[in-house]
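For the sequence shown, the numbering used here gives the first residue as 11, with consecutive numbering after it. Every residue, glycine too, gets a C-beta built ideally from N, C-alpha and C. Everything numeric in this text was worked out from a predicted model, so none of it was measured.
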Amino acid sequence: MSQLLIGVLLFVITYTATALLGKILINKNSELEEYTLKKDIFLYMLLMFAIGSLGIAFLWPNFLDFVVPLKITQIVAAFFFAAIIYFLFLLETNKLLDFSVLALSILSAFLFISKDSLALVDFIPYQLEVLGIGLLIALFVLSAKILIALPSLYSCFSSMVLIGLILISLVGGLPSYIVLFSCLMLGAWIAVLQTNFFEFKFKINEGAMMSANFLLGMLFLIGVNEFAAPSMLILATYLLAELIWALIITYILRRPVPDLYLNACYYKAFQNNTPLENIRAFIFRVSTINIALALFQLYSPNLFTLPFLCFLINFWLISKLYHSDKEPQTLKQANADFVQNIKDEIKNIKQTLKKN
Numbered sequence: 011m012s013q014l015l016i017g018v019l020l021f022v023i024t025y026t027a028t029a030l031l032g033k034i035l036i037n038k039n040s041e042l043e044e045y046t047l048k049k050d051i052f053l054y055m056l057l058m059f060a061i062g063s064l065g066i067a068f069l070w071p072n073f074l075d076f077v078v079p080l081k082i083t084q085i086v087a088a089f090f091f092a093a094i095i096y097f098l099f100l101l102e103t104n105k106l107l108d109f110s111v112l113a114l115s116i117l118s119a120f121l122f123i124s125k126d127s128l129a130l131v132d133f134i135p136y137q138l139e140v141l142g143i144g145l146l147i148a149l150f151v152l153s154a155k156i157l158i159a160l161p162s163l164y165s166c167f168s169s170m171v172l173i174g175l176i177l178i179s180l181v182g183g184l185p186s187y188i189v190l191f192s193c194l195m196l197g198a199w200i201a202v203l204q205t206n207f208f209e210f211k212f213k214i215n216e217g218a219m220m221s222a223n224f225l226l227g228m229l230f231l232i233g234v235n236e237f238a239a240p241s242m243l244i245l246a247t248y249l250l251a252e253l254i255w256a257l258i259i260t261y262i263l264r265r266p267v268p269d270l271y272l273n274a275c276y277y278k279a280f281q282n283n284t285p286l287e288n289i290r291a292f293i294f295r296v297s298t299i300n301i302a303l304a305l306f307q308l309y310s311p312n313l314f315t316l317p318f319l320c321f322l323i324n325f326w327l328i329s330k331l332y333h334s335d336k337e338p339q340t341l342k343q344a345n346a347d348f349v350q351n352i353k354d355e356i357k358n359i360k361q362t363l364k365k366n
C-alpha cells in the first residue's frame with residue numbers, strides 16, 4: 011500500500027509540474043516561432059523522468075524486489091540512450107537515427123538481460139535469443155513513427171501502456187519499482203493528453219515519441235527478466251499492429267496513397283471524418299483489452315496463445331476502424347473481399363512480369 015501511495019504522489023508531482031510548465035511555454039509561445047531547446051516540453055519531461063527514476067532507486071532501495079537486480083548503471087544507460095535518440099532526431103540525421111535505434115536497442119537487450127537469466131529458454135542460444143529481443147525492442151521504438159500523422163494520439167497509447175505496467179506490478183507480476191516509475195511517467199503524459207485534448211498545444215514530435223518508446227522498451231526488458239515477456243508483448247501489440255497494417259496496405263496491397271504513415275488505420279479513419287476524440291476512445295478500448303489479456307497472461311501456462319490472440323483481436327478492431335466509412339460487412343463478405351484483393355494483386359504481378 012505504501013508503494014501505491016508514493017506512486018500517487020509521484021503522479022501528482024509530475025502531472026502538476028508538466029501542466030504548469032506547459033502553461034508557461036504555451037503563454038510564451040502563443041505565436042509560431044522558430045524551434046529552440048528552451049521551448050521543448052519533452053526535454054523537460056525526459057529530465058524529470060531521469061531525476062525521478064534515479065531518486066526512486068536511491069531513496070527506496072527496499073522496493074527493488076527484482077528477480078534479476080536492477081543496477082543504477084542500467085538506469086543511467088537507458089536515459090542516456092533515450093537522450094541520444096532524441097538529439098539525433100533534432101539533428102535531422104534520419105538514416106543515422108534509425109541505425110542508432112537498432113544498435114542501442116540491441117545493446118540495451120544485452121545490458122539488461124544477463125547470460126544466466128532464468129527467463130531465457132534453454133533451446134535457443136543466449137546471443138540469438140537476446141538479439142531477437144533487441145530487434146523487437148527496436149521495432150517497437152521505430153513503430154512510434156506510425157503515429158506521426160496525429161501525434162496527440164501517442165499520449166493515449168503511452169498512458170495506457172503505463173497503466174498496464176502499474177496493474178501488472180500491483181498483482182505481483184513486476185517489481186514495485188515499475189509501479190513508481192510508471193506513475194512518474196504517467197502523470198506527465200496525462201498532463202500532455204489533457205492539454206492536447208481539444209487543441210494540439212504541446213509539440214510532441216516524432217523524436218520524442220521514439221525516445222519515450224525507448225524508455226517503455228527498457229521497462230519491457232525488465233519485464234523479460236521477471237518472466238513477464240508475453241505480457242510485455244501484449245501491451246505493445248496495438249502499435250505493432252498499426253505498423254504491420256500500414257506495411258501491408260502500402261507495400262502488398264499497394265493502395266493509391268504510397269505513404270506508409272498516411273495508410274495507417276487511425277489516419278484513414280480521420281480522413282473519413284471520424285472525430286479525433288472517437289479515435290482516442292478507440293485506442294483506449296483496444297488498450298484496455300490488451301491490458302486485460304496481459305494480466306491473464308501472467309497466469310497462463312502457455313507463452314504464445316494469448317499474444318497471438320491479442321494480435322488477431324487488434325487486427326480485427328483495426329480493420330473495423332479502417333472500414334468505418336463503409337456499411338458493416340458479414341464475415342463471409344469480408345473474406346470474399348480479402349480473397350478478391352489477393353487475386354487482383356496476383357493478376358497485376360503477372361501483367362507486370364509479362365510487360366517486362
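inquiry  = Check for me: the alpha helix (DSSP H) holding R290 runs from which residue to which?
reply    = Per DSSP, R290 is one residue of the alpha helix (DSSP H) stretching across 286 to 307.
query = Considering only the beta carbon of each residue, do L203 and S153 sit closer than 8 Å?
reply = At least 8 Å separates the beta-carbon of L203 from that of S153.
query = Does the segment 234 to 247 come close enough to the segment 302 to 315 that 3 or more CB-CB pairs lie under 8 Å?
reply = Contact holds: three or more Cβ-Cβ distances are below 8 Å.
inquiry  = Measuring alpha carbon to alpha carbon, tell me which residue in R290, A27, Y332, K353 is nearest S162.
reply    = Comparing Cα positions, the closest option is R290.
ask   = Would you call F90 buried or exposed, if buried means 16 or more other Cβ atoms sit within 10 Å of its Cβ?
value = That one is exposed.
Whole-angstrom distance between V78 and M242, CA atom to CA atom = M242 and V78: Cα-Cα distance of roughly 17 Å.
inquiry  = Once DSSP output is grouped into helix, strand and coil, what is the label at L272?
reply    = Reduced to three states, the DSSP call for L272 is coil.
key: Within 8 Å, strictly: CB atoms of S179 and V189   = Yes. Within cutoff.
inquiry  = Does V22 come out as helix, strand or coil in the three-state DSSP assignment?
reply    = In this structure, DSSP gives V22 a helical state, which the three-state scheme calls helix.
query = Along the chain, which unbroken stretches of the alpha helix (DSSP H) at least 4 residues long are found entirely within the segment 114 to 174?
reply = Taken in chain order, the complete alpha helix (DSSP H) segments of 4 or more residues contained in the segment 114 to 174 are 136 to 153.
query = Rounded to a whole number of angstroms, what is the C-alpha to C-alpha distance between D75 and I293?
reply = Each residue's Cα considered, the two are about 32 Å apart.
ask   = Given that a residue counts as buried once 16 or more other Cβ atoms are within 10 Å of its Cβ, and exposed if not, what is Q13?
value = Buried: at least 16 other Cβ atoms inside 10 Å.
message = Quick check on this structure: which residue in Y248, L257, P311 has the alpha carbon closest to the alpha carbon of R295?
response = Of the listed residues, the one whose Cα sits closest to R295 is Y248.
ask   = Do G197 and T24 have their CB atoms nearer than 8 Å?
value = In contact: G197 and T24 (Cβ atoms closer than 8 Å).
request  = Return the chain-ordered list of same chain residues with a C-beta closer than 6 Å to the C-beta of A201, the five sequence neighbours on each side being excluded.
outcome  = Apart from sequence neighbours up to five positions away, the residues of its chain that approach A201 with a beta-carbon distance below 6 Å are Y25, T28, A29, ordered along the chain.
task = Taking the CB atoms as reference points, tell me whether L194 and S297 lie closer together than 8 Å.
result = No; because the gap between Cβ atoms is not below 8 Å, this pair is not in contact.
key: CB-CB length for L231 against I123, believed under 8 Å   = Right, the Cβ-Cβ distance comes to about 7 Å (below 8 Å), so this counts as a contact.
task = Using 10 angstroms around the beta-carbon of T103, count the other beta-carbons present and answer buried if the total reaches 16, otherwise exposed.
result = Result: exposed.
task = Report buried or exposed for I262, applying the criterion of at least 16 other Cβ atoms within 10 angstroms of its Cβ.
result = Exposed, because fewer than 16 other Cβ atoms sit within 10 Å of the Cβ of I262.
key: Under the three-state DSSP convention, the category S329 falls into   = Under the three-state reduction of DSSP output, S329 falls in the helix class.
key: L257 versus L270: straight-line alpha-carbon distance, rounded   = When rounded, the distance between both Cα atoms is 6 Å.
key: Pair within 8 Å by beta-carbon distance, V140 and F224   = No, the Cβ-Cβ distance between V140 and F224 is not below 8 Å.
ask   = From this set, A274, I323, G183, M220, which residue's C-alpha is nearest L98's C-alpha?
value = Considering only alpha carbons, the answer is M220.
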